[in-house]
Amino acid sequence: MEQYAVEMLHITKRFPGIIANDDITLQLKKGEIHALLGENGAGKSTLMSVLFGLYTPEEGEIRINGKNAKIKNPNDANDLGIGMVHQHFKLVECFTVLDNIIMGVEPVNRLTFLQKKQAREKIMEMSKKWGLHVNPDALISDITVGMQQRTEILKMLYRENDILIFDEPTAVLTPQEIEELMQIMKNLAAEGKSILFISHKLNEIMAVADRCSVLRKGKYIGTVDIKDTTKAELSRMMVGRDVKFAVDKEESVPGEEILRVEQMSVASNEHSKDAVRNVSFSVRRGEIVCIAGIDGNGQSELVYGITGLAPLKSGSITLCGQNITKAPIRQRAGVMSHIPEDRHKHGLVLDYPLEDNMVLQRYFEPRFTNKMGFLKRREIRAYADKLIEQYDVRSGQGAITIARSMSGGNQQKAIIAREIDKNPELLVAVQPTRGLDVGAIEYIHKQIVAQRDAGKAVLLVSLELDEVMNVSDRILVMYEGEIVGEFDPKQVTVEELGLYMAGAKREAVKQ
Amino acid sequence: MILLTQYTLLFASVLMLVALGGCFSERSGVINIGLEGIMVIGALGGALVMKFLPVEFGGAPVMVLATLIASALSGMIFSLLLAVAAINFKADQTITGTAMNMLATAAATVAVKAMNTAASGGSDVSSDIIYTRARDTFIVRFGTFEFNWFMLFALIALVLSYIILYKLRFGLRLRACGEHPQAADSVGINVYKMRYAGVLISGILGGIGGIVYITAGVSSWKFENGVAGFGFLALAVMIFGQWKPLKIALAALLFGFFRALGNVYTGFDILKNLNLPSTVYNMLPYIISLIVLALTSKNSLAPKAEGIPYDKGSR
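Here the protein sequences line up with chains C and S, keeping their order.
If you want my numbering, it's the position in the first sequence, counting the first as 1, plus 314.
If you want my numbering, it's the position in the second sequence, counting the first as 1, plus 16.
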């Protein structure tokens with residue numbers, strides 16, 4: 315029997331100005347879980363696009379089960395038994411789970427009537443066999459992200475794919491769901507499926523993978539057996555230097571109060587219940603206050619209220635002694651910086667060049683606009699170049715790169731550069747490291763701590779417990795729109811926090 | 017009363033056919049503002065057959081079928097304009113549709129005028145087509161109630177639409193293309209083909225709707241008038257019907273009723289005694305559509321990807 319399910323040999327793919335894949339070799343053994351590790355922009359996505367026939371490589375060859383394969387489009391890949399769970403699910407929201415699974419390979423009778431009963435039986439059987447619990451009749455828009463992902467996995471299994479690719483599958487999941495997914499992946503591999511696991515979360519790779527191939531800046535660094543390696547070694551291969559996992563920081567020295575939120579309530583877009591209920595807290599100069607909690611417990615709306623993206627239902631906000639409860643966003647933005655949760659929706663104009671994104675909140679300042687109302691393009695370019703240099707934002711064409719074409723990590727770096735360079739009194743950062751690799755995370759944490767040390771107030775919203783414990787000086791736990799606990803990270807355990815986050819425990823928080 | 021029922025059913029048939037057509041197009045992801053124009057061209061194709069095909073040739077069944085096929089084909093060919101512009105060239109669908117509407121009425125007027133001028137040696141320069149005898153073949157009389165074969169066709173179209181959209185493989189794929197074309201593409205569905213199918217079906221149904229409309233109450237049609245905004249009314253029916261065939265049928269009945277009222281209100285003493293000018297009744301369906309859409313458009317269930325040209329490369 316052929317040893318390898320997929321062999322990508324000496325793949326080279328060039329784009330204008332950049333070599334995305336430079337002589338990369340990836341060999342996936344049958345029945346193994348093989349991790350593909352690399353920073354954002356290291357070339358993982360390009361390599362997968364080559365495997366799926368979206369890009370044609372200039373050099374190299376692909377072998378599937380030992381046979382030379384010409385893959386020209388995703389259908390060819392499908393025919394070869396390759397399936398992929400994309401990072402952004404490809405599911406039709408207003409269709410049922412069942413419809414999504416069968417779409418494209420629908421069982422039909424001779425008159426092309428859909429045979430859903432037959433499909434349902436097959437799906438239920440698979441669901442039981444692999445421990446992939448789904449409700450086939452629920453609409454995608456009504457189910458949890460975890461179930462959506464299980465639907466995507468069932469989609470591959472329904473097509474009887476043997477080569478399964480998971481593209482950063484844990485980015486959107488809760489810790490319990492991640493546990494489950496890891497178990498499912500192990501079961502699948504035990505049954506002979508070959509799994510390619512794209513990730514930059516070292517813990518997960520160590521927990522689930524058999525081997526790991528590392529890419530860095532488009533180059534192939536090497537492949538290691540997980541049992542013979544360590545987290546530190548993997549991260550060194552990925553980043554090219556030693557990475558510190560703990561965040562270096564001094565004891566915080568809080569100064570005067572910068573932000574004060576009192577009795578704040580914010581309506582919800584989805585439910586009749588308010589998303590934020592009667593929340594009061596303050597953030598002082600020189601401290602990092604972290605809002606912890608499971609996704610969807612009102613953190614987003616809390617930030618919308620503070621930054622002005624949504625109106626308050628009741629309560630007040632004071633920033634640097636001024637009541638800004640009803641202040642317009644531009645007025646708030648003068649003293650408050652915001653690294654938004656959704657960088658595509660609230661952080662960048664994706665079809666604008668990088669330089670315009672850099673001055674999104676400042677283009678009207680005399681520095682960038684003359685008295686006639688014309689933009690000073692040269693000033694904007696110079697300013698953008700300065701930020702790009704200073705914050706090491708990497709892109710294909712520098713200041714004129716369209717934001718959409720940049721990698722997620724570099725988009726985030728661009729936002730951070732813009733927001734920190736404004737020199738705010740308060741920095742509001744919402745999941746600033748979501749979807750980023752260790753190198754970028756380390757960088758962003760450093761920047762946040764530097765802001766604190768420069769005497770700024772920082773409000774950090776995070777779903778990652780590691781981040782909560784490492785970065786913050788004070789932790790507030792949010793559950794169902796209320797603050798249910800306040801902790802000193804040095805005196806609380808992750809388990810204890812988890813109980814509060816799940817709503818099993820609560821305490822009256824002193825205001 | 018019978019007259020009111022008859023006209024309600026007839027106008028509802030028109031609205032239903034055209035709205036179902038719009039439904040197919042939009043479900044596949046292409047906004048079809050051009051329904052009005054498609055109706056005009058469909059009506060022209062049908063009217064020409066009615067004028068030139070002798071009634072004696074095969075009698076009623078041949079006349080009905082030939083007219084139906086001619087309208088459907090004309091509508092379909094005209095809708096190709098939208099398909100090519102919106103799907104291949106990724107043009108703005110609203111602008112393309114508007115252009116089609118302007119083109120259709122103008123082209124139909126010019127064509128009919130040229131035809132009449134040539135046939136009469138210059139004495140008749142009107143844009144009218146007269147089809148009195150042919151129209152009679154569409155109708156079966158039950159007492160005073162005039163049953164029109166097209167009412168049956170509309171009903172068949174309704175049933176077929178429901179089955180196609182919800183029971184067939186084709187419908188599942190078509191709807192997926194209107195909601196999330198990237199997802200459809202990722203499972204090997206050809207989004208371009210499905211969208212072509214959606215637009216062409218809307219051309220067929222819109223074209224048939226056109227001939228039904230101009231033959232509804234009269235035995236000649238002035239093509240300068242186009243179809244008097246009925247294509248837009250059908251769009252309102254489609255939106256009010258939430259892009260779902262059964263709801264579209266109900267909405268079509270409602271709007272058809274108000275349109276019929278304008279034709280026959282003089283038969284009701286209460287309405288006649290109100291002494292309102294007839295224009296008020298003629299305005300009714302349009303006013304109702306404004307009100308209804310203002311109230312219901314907030315929770316619209318429009319296909320998510322409609323109006324957005326599909327580009328394989330974009331992420």
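Every residue, glycine too, gets a C-beta built ideally from N, C-alpha and C.
Proximity winner among C:Gly-367, C:Arg-598, C:Leu-740, C:Gln-490, relative to Leu-779 (chain C) (alpha-carbon distances): C:Gln-490
Expressed to the nearest angstrom, what Euclidean distance is found between the alpha-carbon atoms of Glu-703 (chain C) and Pro-261 (chain S)? 58 Å
Please give the ranges of any alpha helix (DSSP H) in the region 234 to 280 of chain S, keeping only runs that are unbroken, at least 4 residues long and fully inside the region. 246 to 256, 261 to 280
Would you say Arg-186 (chain S) lies against chain C (beta-carbon separation less than 8 Å)? What sits at residue 186 (chain S) in the sequence shown is Phe, not Arg. It does; some Cβ of chain C falls within 8 Å.
In angstroms with no decimal places, state the Cα-to-Cα distance between Lys-804 (chain C) and Lys-507 (chain C). 44 Å
Please state whether DSSP places Cys-408 (chain C) in a helix, a strand or coil. coil
Own chain, CB closer than 6 Å to His-660 (chain C), minus 5 neighbours either side, in chain order: Pro-654
Kindly confirm or deny that the region 56 to 73 of chain S and the region 197 to 206 of chain S touch, where touching means at least three C-beta pairs closer than 8 Å. no
Could you compute how far the alpha carbon of Pro-301 (chain S) sits from the alpha carbon of Asp-327 (chain S)? 38 Å
Is the beta carbon of Arg-598 (chain C) closer than 8 Å to that of Pro-571 (chain C)? For clarity, residue 571 (chain C) is Glu in the given sequence; the question names Pro instead. Yes, the pair counts as a contact, with Cβ atoms nearer than the cut-off.
Chain-ordered neighbours of Ile-205 (chain S) on chain C, where CB pairs are closer than 8 Å: Met-417, Gly-418
In chain S, what lies closer than 9 Å to Val-830 (chain C) by C-beta? Because chain C spans 315 through 825 in this model, residue 830 (chain C) falls outside it and cannot be assessed.
Close-in-space but distant-in-sequence residues of the same chain around Tyr-618 (chain C) (CB under 6 Å, 5 per side omitted): Ala-624
Alpha-carbon to alpha-carbon, Ala-743 (chain C) and Cys-39 (chain S): 44 Å
Assign Ile-605 (chain C) to one of three DSSP states: helix, strand, or coil. strand
Can you tell me which of the three DSSP states His-514 (chain C) falls into? coil
Neighbour flag for Leu-428 (chain C) against chain S, beta carbons, 8 Å: yes
Going by alpha carbons, who is nearest to Gly-710 (chain C) out of C:Met-322, C:Thr-370, C:Arg-464, C:Ala-334? C:Ala-334
Per-residue contacts from Lys-183 (chain S) into chain C (C-beta, under 7 Å): Phe-427, Leu-428
Partner residues on chain S for Asn-392 (chain C), Cβ-Cβ distance less than 7 Å: Gly-204
Leaving out five residues on either side along the sequence, give the residues of the same chain with a beta carbon under 8 Å from the beta carbon of Ser-455 (chain C). Glu-407, Cys-408
Residues within the region 325 to 341 of chain C neighbouring chain S, beta-carbon criterion of under 9 Å: none
Give me the chain S residues within the contact set of Asp-451 (chain C), using Cβ-Cβ distance strictly less than 7 Å, ordered along the chain. None at all; the shortest Cβ gap to chain S is about 14 Å.
May I have the straight-line CA-CA distance separating Asn-583 (chain C) from Ile-155 (chain S), to the nearest angstrom? 54 Å
Enumerated in chain order, which unbroken segments of the alpha helix (DSSP H) with a length of 4 residues or greater are wholly contained in the region 474 to 527 of chain C? 489 to 504, 516 to 522
Candidates S:Ala-101, S:Phe-273, S:Ala-250, S:Leu-168: closest to Ile-18 (chain S) by CA position: S:Phe-273
Establish whether the CB of Asn-389 (chain C) and some CB of chain S are separated by less than 8 Å. yes
Output the residue ranges of the alpha helix (DSSP H) runs that lie fully inside the region 372 to 436 of chain C and measure 4 residues or longer, sorted by chain position. 388 to 393, 411 to 416
Under the three-state reduction of DSSP, which class applies to Thr-807 (chain C): helix, strand or coil? coil
Quick check on the DSSP output: the alpha helix (DSSP H) that includes Val-617 (chain C) runs from which residue to which? 613 to 621
Same chain, Cβ closer than 8 Å to Glu-373 (chain C), neighbours up to 5 away in sequence not counted: His-324, Ile-325, Thr-326, Asp-337
Please list, in chain order, the chain S residues whose beta carbon lies closer than 8 Å to that of Asp-562 (chain C). The contacting residues do not exist; Asp-562 (chain C) stays about 36 Å from chain S at best.
Proximal residues to Ala-170 (chain S) (C-beta, below 7 Å), its chain only, five neighbours per side dropped: Ser-29, Met-32, Leu-33
Closest by CA to Gly-345 (chain C), which one among C:Leu-471, C:Lys-736, C:Gln-675, C:Asp-524? C:Asp-524
So which of S:Gly-278, S:Gly-283, S:Leu-190 has the shortest CA-CA distance to Pro-293 (chain S)? S:Gly-278
Considering only their Cβ atoms, is the gap separating Ala-99 (chain S) from Ala-107 (chain S) smaller than 8 Å? no
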